[in-house]
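Numbering (this note's numbering), first residue to last: 422 to 565.
Step one of this worksheet: look at the structure below.
As structure tokens, then:
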């Protein structure tokens, strides 16, 4: 079986984009707490969360942030991509039941290293931006 690598540096075009969408469930949040070791009551205890500015439990910030992984690693540039750096600025909480779309857009090609800078944005089902940021990736060298 031949491995189908993603787009190489030369194949990527400025402005090209890809997205991944997922609804964040209570189960997702509990599983993420177990994986991350973050059992903050803001995420897991409804009574506690009601007393916070959010008025309800919210997902860990890194949970919706992680939805960029399938975008970069599976779609754009795709299989074989190496993530070098990612920055994220959170703008709004993610509540249980929110549907989050993570989008990456080719913003800049760094010719000297053959790396690519990606603009990142996460939105919810109401069209609100919950986070934005940047990533630097090394696309696959070339298709075999």
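Heads up, the beta-carbon is just placed ideally off N, CA and C, and yes, glycines get one too.
With H, G and I counted as helix, E and B as strand and the rest as coil, what does DSSP make of residue i?
{"i": "residue 424", "result": "coil"}
{"i": "residue 523", "result": "strand"}
{"i": "residue 493", "result": "helix"}
{"i": "residue 477", "result": "coil"}
{"i": "residue 433", "result": "coil"}
Looking at the unbroken alpha helix (DSSP H) that takes in residue i, where does it start and where does it end?
{"i": "residue 452", "result": "447 to 457"}
{"i": "residue 468", "result": "467 to 471"}
Between which two residues does the beta strand (DSSP E) containing residue i stretch?
{"i": "residue 484", "result": "Residue 484 -> not in any beta strand (DSSP E); alpha helix (DSSP H) instead, spanning 483 to 486."}
{"i": "residue 511", "result": "503 to 511"}
{"i": "residue 548", "result": "First-last for residue 548: undefined, no H or E at that position."}
From the options, pick the residue whose C-alpha is nearest to that of residue i; which is it?
{"i": "residue 454", "options": "436, 551, 445, 465", "result": "465"}
{"i": "residue 539", "options": "458, 474, 508", "result": "508"}
{"i": "residue 429", "options": "535, 492, 557", "result": "535"}
{"i": "residue 481", "options": "494, 431, 517", "result": "517"}
{"i": "residue 445", "options": "431, 436, 479", "result": "479"}
{"i": "residue 555", "options": "548, 533, 526, 547", "result": "526"}
Notebook entry, point to check: Does the segment 534 to 544 come within contact of the segment 473 to 492, defined as at least 3 CB pairs closer than 8 Å?
Noted result: Enough Cβ pairs lie closer than 8 Å, so yes.
Checklist line | Three-pair Cβ contact test at 8 Å for the segment 423 to 441 versus the segment 463 to 470 | finding: In the pairwise beta carbon analysis, the segment 423 to 441 is classified as not touching the segment 463 to 470: fewer than three pairs are separated by under 8 Å.
Item checked: Any 3 or more C-beta pairs closer than 8 Å across the segment 423 to 443 and the segment 505 to 522 -> Put simply, the segment 423 to 443 touches the segment 505 to 522. At least three CB pairs are less than 8 Å apart.
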